[in-house]
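Residue 26 is where the sequence shown starts when you use this note's numbering, and the numbers rise one by one after that. Don't be surprised by glycine CBs; every beta carbon is placed ideally from N, CA and C.
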Amino acid sequence: MTEQLADLTRPYEPQAVERRTYAFWERLGYFTPTIDPTRRPFVIAIPPPNITGALHTGHALTFTIEDILIRWHRMLGDPALWLPGTDHAAIATEYLVKQALAQEGLTKEALGRRTFLGHAWEWKAQYHGIIVEQMKRLGVSVDWSRERFTMDEGLSRAVRTVFVRLYDEGLIYRGEYMGNWCPGCKTVVSDLEVQHRDEEGELWYLRYPLAADPSRGIEVATTRPETMLGDTAVAVHPDDARYKDWIGQELELPLVGRRIPVVADAAVDPAFGTGAVKVTPAHDPTDYAIGKRHELPTIEVIGADGVMTAAAGRFQGLDRMAARAEVVEALRQAGALIRTEPYNHAVGHCQRSDDVIEPRISLQWWLKVEPLAGPALEAVRDGRITIIPDRFTKVYTNWLENLHDWAISRQLWWGHQIPVWTCADCGRVLVQIDNATACPGCGGKRLEQDPDTLDTWFSSALWPFSTLGWPEQTADLAYFYPTTVMETGYDILFFWVARMVMMGLHFMGEAPFRTVYLHGMVRDAFGRKMSKTKGNVVDPLDLMDQFGTDALRLSMVTGNSPGNDLRFSEQRIEAGRNFANKLWNAGRFALSYRPPEHSPEAAPLELPERWILSRARAAQREVTRLLEQFQLGEAARAAHDFFWGEYCDWYMEMVKARVLDAAPAGSAARQRGTAAQRTLLDVLEQSLRLLHPFMPYVTEELWQHLRQCRPSLPESVALAPWPSGASAPPNGSASGVAGDGDGAAEEAMAALITTITVLRNYRAEHGIEPTQKLTVAAGAIPGLPNNGYLLEVLANASLVATPGPGPLVKLLVGTAELTIATSSDLPAERARLEAALAEAANEASRARAQLGQPGFVDRAPAAVVAKARERLSLAESHQRRLEAQLAELLG
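Take a look at the structure:
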């Protein structure tokens with residue numbers, strides 16, 4: 026890196042590092058893999074963000090997870106491709122563009138299709154640029170040279186090719202069916218794009234008089250009285266004895282005067298309302314099916330824009346919600362409204378515009394999914410695709426087993442226009458990839474293309490292979506397909522993942538990926554979904570500005586597990602920032618005391634060096650194992666705990682006395698210090714490699730400082746081999762001496778650490794000042810007495826053969842005994858032990874009382890009982906230990 030590095034003597038400032046570092050990575054070109062036929066690539070096709078605005082915390086989670094996997098595999102030496110791109114998001118983008126135009130007093134209809142699409146492309150250019158810059162801020166190591174957009178020329182051709190082939194195979198057809206209609210977006214939407222939420226509404230009871238005898242009538246209950254204007258029947262269950270004599274008779278529809286029949290149909294729930302239901306085939310899926318079975322007319326009273334149609338009579342032109350109040354009042358005045366009851370029910374809302382969904386009959390293009398769903402099911406069942414976590418395998422299976430045909434057309438202008446033309450002269454229908462210019466039947470040139478566009482998920486379903494050049498047989502397609510991991514949120518397992526599997530198998534003959542990794546949603550600290558209306562949305566850019574990107578990334582992954590929702594909290598990001606600062610300060614210390622360039626050979630490694638190198642190997646193996654199992658949160662925790670807990674809190678403290686002590690050149694002390702200095706740098710180097718996928722910026726900056734004293738290191742830590750823990754690191758460094766593990770050193774140091782901890786705790790419990798030296802004698806504790814100097818350095822305690830006269834305290838370290846000569850007087854020590862003994866006895870008594878409560882052991886949860894027994898056991902053990910210490914003190 027040629028730029029000026031951050032000053033190590035100053036606190037870490039991520040804002041001064043991140044943009045410069047990302048530019049360095051881009052210049053290095055290592056984001057772009059080369060095709061190597063001798064190696065299997067690791068490939069992730071990014072879930073393309075919608076060009077609807079700025080990125081959110083969900084994107085931060087997605088990109089962090091994927092970047093960890095990509096950076097790790099790149100360091101493993103795999104040709105790693107992370108293919109970026111963005112999605113045109115037809116419904117959402119068109120809705121937002123229309124809103125923007127409305128502020129200028131414009132409508133898409135007044136502008137016309139061509140002009141409106143020009144505005145949409147301008148929108149794309151603006152927000153695509155914003156998204157790219159935000160992705161770079163997050164440190165994503167994607168291959169920008171292969172970036173794609175779902176409406177690129179190549180991807181558009183892939184979409185047309187798929188449509189035509191499926192049509193030719195008889196899998197795409199056109200038909201009129203009832204579906205979910207969004208009046209705000211003015212298009213049909215799939216079931217998956219409808220969000221249901223419980224709302225407090227009302228249930229209206231209406232009286233429909235018998236046409237032959239208006240003094241008699243049937244009561245019906247409805248949650249949508251405005252649709253009664255389109256009723257064409259009243260239905261009852263065929264076995265409902267209350268209405269047996271009514272079947273076949275005619276009723277008079279209030280307000281309208283139309284005569285409608287009473288029909289018997291098994292779809293009616295006799296327990297709902299009065300057991301008789303109004304039938305509006307144009308505005309309810311169940312009514313639509315009843316209407317088909319009984320050949321009832323279909324009358325649409327609510328139009329595509331949510332406004333009442335001419336068929337609504339005097340209510341024409343009213344918005345459907347306004348019409349509801351008007352219709353209810355008219356029914357009341359006509360004496361047809363019997364009563365009203367509060368009623369809580371689920372109301373469907375458009376995922377994009379939040380408008381209430383309107384069931385509506387429309388002419389759509391459909392895809393037969395049964396021939397595609399079977400192979401997609403089999404690919405998961407036979408293990409070609411693994412879903413993580415496994416519990417979503419059942420969810421995936423259930424959905425595909427109960428899948429209905431897919432309505433793939435949308436009544437939008439922004440998107441892939443359906444490649445179907447109709448000849449205005451002879452009526453011939455042309456379905457072809459290239460634009461039609463003349464009718465092959467009559468030669469006419471008055472061809473009209475179907476105005477609808479394809480569902481965005483249709484084009485997204487091709488993402489793993491369309492982005493690699495399909496339908497052309499490109500080198501990228503041959504090498505990088507199938508991709509390796511599809512990482513995305515569990516909420517689009519159906520929208521996207523299942524459809525990619527169906528399309529990949531059908532057109533490529535091979536599953537599009539081997540592993541599906543599903544992450545959860547990012548929620549606020551209270552577990553609520555983030556939304557602008559709740560005011561709990563968090564902007565990741567603000568967090569990066571405040572805490573740094575590495576801190577945000579670490580907070581996104583630490584403590585997170587596949588498929589589980591993540592609760593956002595600022596404290597988690599603060600913890601990430603604290604660790605970044607710890608890493609920076611540790612690097613500064615290690616680099617400040619690096620050995621001279623021409624330092625003499627180091628002495629044989631002492632116990633602290635053997636121990637930390639062995640622990641580094643263990644941490645490397647553990648992090649690698651966890652990454653292989655896709656336990657990214659646990660992998661980050663393991664790397665964090667090793668660096669902070671063992672390297673910083675213990676080894677650095679062990680090193681300081683030997684590194685900082687002045688010693689003559691060539692002396693044994695100087696050689697030992699040099700070995701410690703080299704080990705300090707060796708473990709720092711390995712730690713930077715280990716932490717890089719999680720915290721790329723601070724590790725890169727420290728790596729560049731490290732290269733100043735180790736110029737043979739790779740140009741970037743991102744290019745350094747992954748430290749698997751299975752072999753010695755490069756450069757012939759001292760860490761190679763430790764091999765794959767040093768059990769003896771680990772056992773000895775574990776005992777020493779326990780001893781030091783016991784001494785520190787004793788000092789704290791007795792209020793002994795840190796500057797007051799303790800005199801201790803130790804039993805058969807591993808590592809002593811040869812490393813007694815560590816007690817001096819870390820516990821300010823002198824190790825002696827016998828502690829001498831005076832009051833003595835004996836503590837256990839494992840099975841060994843530690844004797845402390847205390848300077849406190851006998852009465853004070855006795856009082857302390859007696860107070861501690863009384864508290865231990867009280868704790869044991871409380872635990873016994875809880876366990877002795879009538880029925881507690883039999884009725885309480887097993888975990889609660891086990892916890893109470895554990896409390897009793899620990900209290901009794903502590904009590905016995907204190908009794909022994911008191912007896913020893915009293916002689």
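Using a C-beta cut-off of 8 Å, the segment 474-492 makes no contact with the segment 42-54, since fewer than three inter-stretch Cβ pairs fall below that distance. About 6 Å separates the beta carbons of P66 and D103, which is inside the 8 Å limit, making them a contact pair. Non-local beta-carbon contacts of L428 in its own chain, meaning distances under 8 Å to residues more than five positions away in sequence, involve V394, E395 and A398 in chain order. When C-alpha distances from L784 are compared across L816, I806 and L809, the shortest belongs to L816. Less than 8 Å separates the beta-carbon of A301 from that of V261. Between the segment 767-779 and the segment 792-811, the count of Cβ pairs shorter than 8 Å is three or higher; the stretches touch. Here A361 is buried: its Cβ has 16 or more other Cβ atoms, across all protein chains shown, within 10 Å. DSSP places Y37 outside both helix and strand once states are collapsed to three, so it counts as coil.
By the C-beta criterion, the segment 279-286 is judged to be in contact with the segment 244-256, since at least 3 inter-stretch pairs fall below 8 Å. Annotation: the segment 253-280 contains the following complete segments of the beta strand (DSSP E) (minimum length 3 residues), in chain order: 258-261 and 275-277. Annotation: the segment 159-207 contains the following complete segments of the beta strand (DSSP E) (minimum length 3 residues), in chain order: 197-207. Taken through DSSP and simplified to helix, strand or coil, W107 comes out as strand. One Cα belongs to L276, the other to A266, and the distance between them is close to 19 Å.
The beta carbon of A500 sits closer than 7 Å to those of I60, all from its chain and outside the five residues before and after it, given in chain order.
In its chain, beyond the 5 residues on either side, W97 and A660 have a beta carbon closer than 7 Å to the beta carbon of L652. In the DSSP assignment, E595 falls outside any beta strand (DSSP E) and within the unbroken alpha helix (DSSP H) covering E595 to S617.
For K269 and P263, the gap between their C-alpha atoms comes out near 7 Å. For the set E864, V122, L716 and P58, the Cα lying nearest the Cα of S378 is the one of V122.
According to the DSSP assignment, L824 belongs to the beta strand (DSSP E) that extends over A822 to L824. Check the Cα spacing between Y618 and each of G316, R222 and A701: the tightest is with A701.
Around L217, the same chain offers F519 and F520 as residues with beta carbons nearer than 6 Å, after the five sequence neighbours per side are excluded. For W439, there is no enclosing alpha helix (DSSP H), as DSSP marks it with neither H nor E. Counted as a single uninterrupted DSSP element, the stretch harbouring G242 is not any alpha helix (DSSP H) but the beta strand (DSSP E) occupying residues G242 to T247. A distance below 6 Å between beta-carbons, with the five flanking residues on each side excluded, links L911 to the following residues of its chain, in chain order: L858. Annotated as distal: A337 and F297, with beta-carbon spacing of 8 Å or more.
R409 and P537 have their C-alpha atoms spaced approximately 10 Å apart. If you draw a straight line from the Cα of V420 to the Cα of V405, it is about 12 Å long. By the Cβ criterion, the segment 331-346 is not in contact with the segment 191-200, since fewer than three pairs of Cβ atoms, one from each stretch, lie closer than 8 Å. CA-CA distance, V708 to S737, rounds to 16 Å. In the three-state DSSP reduction, L837 falls in the strand class (E or B). Sorting D309, A615, L455 and I93 by C-alpha distance to the C-alpha of I327 places D309 at the top.
When DSSP states are grouped into helix, strand and coil, K798 belongs to the coil group. Annotation: the continuous alpha helix (DSSP H) that includes L568 extends over P565 to F572. Where S485 is concerned, the enclosing alpha helix (DSSP H) starts and stops at T481 to S485.
In this model, L836 and L727 are separated by some 43 Å (Cα to Cα).
Within 10 angstroms of the beta-carbon of H113 lie 16 or more other beta-carbons, which makes it buried.
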